[in-house]
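Undergrad: In my numbering, the protein residues as written are 499 to 812.
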Amino acid sequence: MRPALRAGLLPLWRDRDTVQIGVDPRRAVALTGMSDACDVIALLDGSRDRDQILAAAGARGIREAVTERILVLLAAAGALIDFPSSALRALPGELREQMIPELASASVSCQDGDGGAQALARRAGTAVQVCGTGRIAATLADLLTSSGMAARYGPLEVIAPDGGRRPAGDAAPDLAVLVGRQQPDLVARVQRAKVPHLSVSASEAIGVVGPLVRPGVTACLRCLDLARAERDPAWPLLLAQVAGRDANPPACGAALATAVAAQAAVQILAFADLGPNDQATANGTLELVLPGWQWRRRSWPPNPACICGASPPA
Ligand SMILES: [Zn+2]
Numbered sequence: 499m500r501p502a503l504r505a506g507l508l509p510l511w512r513d514r515d516t517v518q519i520g521v522d523p524r525r526a527v528a529l530t531g532m533s534d535a536c537d538v539i540a541l542l543d544g545s546r547d548r549d550q551i552l553a554a555a556g557a558r559g560i561r562e563a564v565t566e567r568i569l570v571l572l573a574a575a576g577a578l579i580d581f582p583s584s585a586l587r588a589l590p591g592e593l594r595e596q597m598i599p600e601l602a603s604a605s606v607s608c609q610d611g612d613g614g615a616q617a618l619a620r621r622a623g624t625a626v627q628v629c630g631t632g633r634i635a636a637t638l639a640d641l642l643t644s645s646g647m648a649a650r651y652g653p654l655e656v657i658a659p660d661g662g663r664r665p666a667g668d669a670a671p672d673l674a675v676l677v678g679r680q681q682p683d684l685v686a687r688v689q690r691a692k693v694p695h696l697s698v699s700a701s702e703a704i705g706v707v708g709p710l711v712r713p714g715v716t717a718c719l720r721c722l723d724l725a726r727a728e729r730d731p732a733w734p735l736l737l738a739q740v741a742g743r744d745a746n747p748p749a750c751g752a753a754l755a756t757a758v759a760a761q762a763a764v765q766i767l768a769f770a771d772l773g774p775n776d777q778a779t780a781n782g783t784l785e786l787v788l789p790g791w792q793w794r795r796r797s798w799p800p801n802p803a804c805i806c807g808a809s810p811p812a
């Protein structure tokens with residue numbers, strides 16, 4: 499173990515005896531009885547193991563028991579991590595620089611103990627396929643790639659319904675992202691193959707991220723159309739006229755497209771980092787209606803009339 503101060507948080511002094519790790523009160527922790535900690539904290543950059551820290555602190559006149567106590571207090575406060583040196587070493591040089599803020603962000607947001615190493619491994623091991631064209635799909639693929647996820651940008655491959663495991667050689671996605679107007683045959687294929695899929699779109703100056711469909715578990719795209727038809731009996735007729743058509747030009751400017759791609763990327767990273775449970779887009783959509791500024795969540799429970807097999811949450 500190479501103890502390090504959690505990356506992304508600054509050590510600050512509230513008084514001679516009290517150190518605060520982090521600035522924002524939603525992240526920061528304050529520890530008292532730390533008058534000797536300044537020199538020890540300076541050693542917590544991940545370059546030394548525990549014994550080397552004790553020795554280096556000793557060389558600065560700090561007793562071993564005092565250094566031990568400082569490390570215990572920092573660890574108990576969640577401010578100490580095991581520096582992810584092997585995860586970083588495994589990355590090629592230029593990617594390493596790019597991943598350092600990704601690791602810090604994952605580590606601070608998930609409060610892990612390994613500096614984001616496991617989150618990075620989960621991202622790299624999650625095959626996401628972005629299916630669609632245009633600015634949202636391109637921006638989303640870039641964001642996912644920059645976040646350590648091997649996004650594949652192109653037409654979706656048909657997935658063998660084998661429980662979602664990747665066949666040797668080629669990779670079937672763990673998550674398909676369907677960007678833009680949904681193609682009924684593609685939706686039917688991913689639903690039949692039980693591939694989790696996230697719908698992402700923006701038109702009429704409204705951005706929508708979700709639902710995240712886990713076939714047979716959470717509401718599918720047809721569940722949403724059935725719910726819309728319950729509110730508006732003409733919906734099936736309107737839907738039939740929409741098929742294969744898009745407004746030209748689409749009412750989606752660069753800022754909306756980028757906001758939608760970023761929101762989708764955050765949701766996809768949460769899917770990789772935390773797993774499919776309790777996702778905001780499961781049985782729901784996140785929607786941004788311009789000129790408003792606030793993303794709102796709409797709830798879409800599985801529809802009892804749908805044959806997808808998802809049952810409403812208890
Ligand atoms: Zn359904």
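Cβ atoms here follow ideal geometry from the backbone N, Cα and C, with glycine treated the same way.
#1: Considering only C-alpha positions, which residue in the set R587, G742, Q609, P802 is nearest to A574?
#2: Would you check if the stretch 563-570 and the stretch 580-589 touch, i.e. whether three or more CB-CB distances between them fall below 8 Å?
#3: Of all the CB atoms in chain B, is at least one closer than 8 Å to the CB of P800?
#4: Confirm the yes/no value for this check: CB of R720, any heavy atom of ligand 1, distance under 7 Å.
#5: Less than 8 Å separating the beta-carbons of A762 and V688?
#6: By alpha-carbon positions, which one of R690, E592, T756 ends up nearest to G705?
#7: By how many angstroms is the C-alpha of L510 removed from the C-alpha of V628?
#8: Alpha carbon to alpha carbon, what distance is there between I766 and A760?
#9: Going by CA-CA distance only, name the one from V517, Q777, L503 that's closest to D547.
#10: Could you spell out where the alpha helix (DSSP H) holding C608 opens and where it closes?
#11: Tell me whether A755 sits in a helix, a strand or coil according to DSSP, three-state version.
#12: What residue ranges within the stretch 682-706 form continuous beta strand (DSSP E) runs of no fewer than 3 residues, ordered along the chain?
#13: Beta carbon of P709: closer than 7 Å to some heavy atom of ligand 1?
#14: Among A577, L572, L578, L541, which one has its Cα closest to the Cα of I560?
#15: Let me know the secondary structure DSSP gives L508 once reduced to three states.
#16: Across which residues does DSSP place G782 in a beta bridge pair?
#17: Give the secondary structure of P665 by DSSP, where H, G and I count as helix, E and B as strand, and everything else as coil.
#18: Label W791 either buried or exposed according to how many other C-beta atoms from any shown protein chain fall within 10 Å of its C-beta, with 16 as the threshold for buried.
#19: Determine, using beta-carbon pairs with one atom in the stretch 596-603 and one in the stretch 611-618, whether at least three such pairs fall under 8 Å.
TA: Quick look at the numbers:
#1: Here residue 574 refers to the residue found at position 76 of the sequence shown. Nearest C-alpha to A574 among R587, G742, Q609, P802: Q609.
#2: Under the three-pair Cβ rule at 8 Å, the stretch 580-589 does not count as touching the stretch 563-570.
#3: Annotation note: the requested chain B is absent from the structure, which comprises a single protein chain.
#4: Here residue 720 refers to the residue found at position 222 when the sequence shown is read from its first residue. Yes, the beta carbon of R720 sits closer than 7 Å to at least one heavy atom of ligand 1.
#5: Your numbering for residue 762 matches position 264 in the sequence shown. Your numbering for residue 688 matches position 190 in the sequence shown. No, the pair does not count as a contact, with Cβ atoms beyond the cut-off.
#6: Looking up residue 705 in the sequence shown gives position 207. Out of R690, E592, T756, T756 has the C-alpha closest to the C-alpha of G705.
#7: Translated into the one-based positions of the sequence shown, residue 628 becomes position 130. Translated into the one-based positions of the sequence shown, residue 510 becomes position 12. The straight-line gap from Cα to Cα measures roughly 42 Å.
#8: Looking up residue 760 in the sequence shown gives position 262. Looking up residue 766 in the sequence shown gives position 268. Those two C-alpha atoms are separated by around 10 Å.
#9: One-based indexing of the sequence shown puts residue 547 at position 49. Its Cα nearest to that of D547, the residue L503 stands out among V517, Q777, L503.
#10: Numbered from 1 along the sequence shown, position 110 holds the residue referred to as residue 608. Its alpha helix (DSSP H) spans residues 591-608.
#11: Residue 755 sits at position 257 when you count from the first residue of the sequence shown. In the structure shown, the three-state DSSP call for A755 is helix.
#12: Fully enclosed beta strand (DSSP E) runs of 3 or longer: 695-701.
#13: What you label residue 709 is simply residue 211 of the sequence shown in a count that begins at 1. Distance from the C-beta of P709 to the nearest heavy atom of ligand 1 is not below 7 Å.
#14: Looking up residue 560 in the sequence shown gives position 62. For the residues A577, L572, L578, L541, the minimum Cα distance to I560 belongs to L541.
#15: On the sequence shown, position 10 is the one that residue 508 refers to. Coil at L508, not helix or strand.
#16: Numbered from its first residue, the sequence shown carries residue 782 at position 284. Answer is S797.
#17: Your numbering for residue 665 matches position 167 in the sequence shown. For P665, the pLDDT reaches just 38, beneath the cut-off of 50, and the residue's location in the model is therefore unreliable, although a value from the coordinates is still provided. It is coil, neither helix nor strand.
#18: Position 293 of the sequence shown, counted from the start, is the residue given in the question as residue 791. Under this definition W791 is an exposed residue.
#19: Between the stretch 596-603 and the stretch 611-618, the count of C-beta pairs closer than 8 Å reaches three or more; the two stretches touch.
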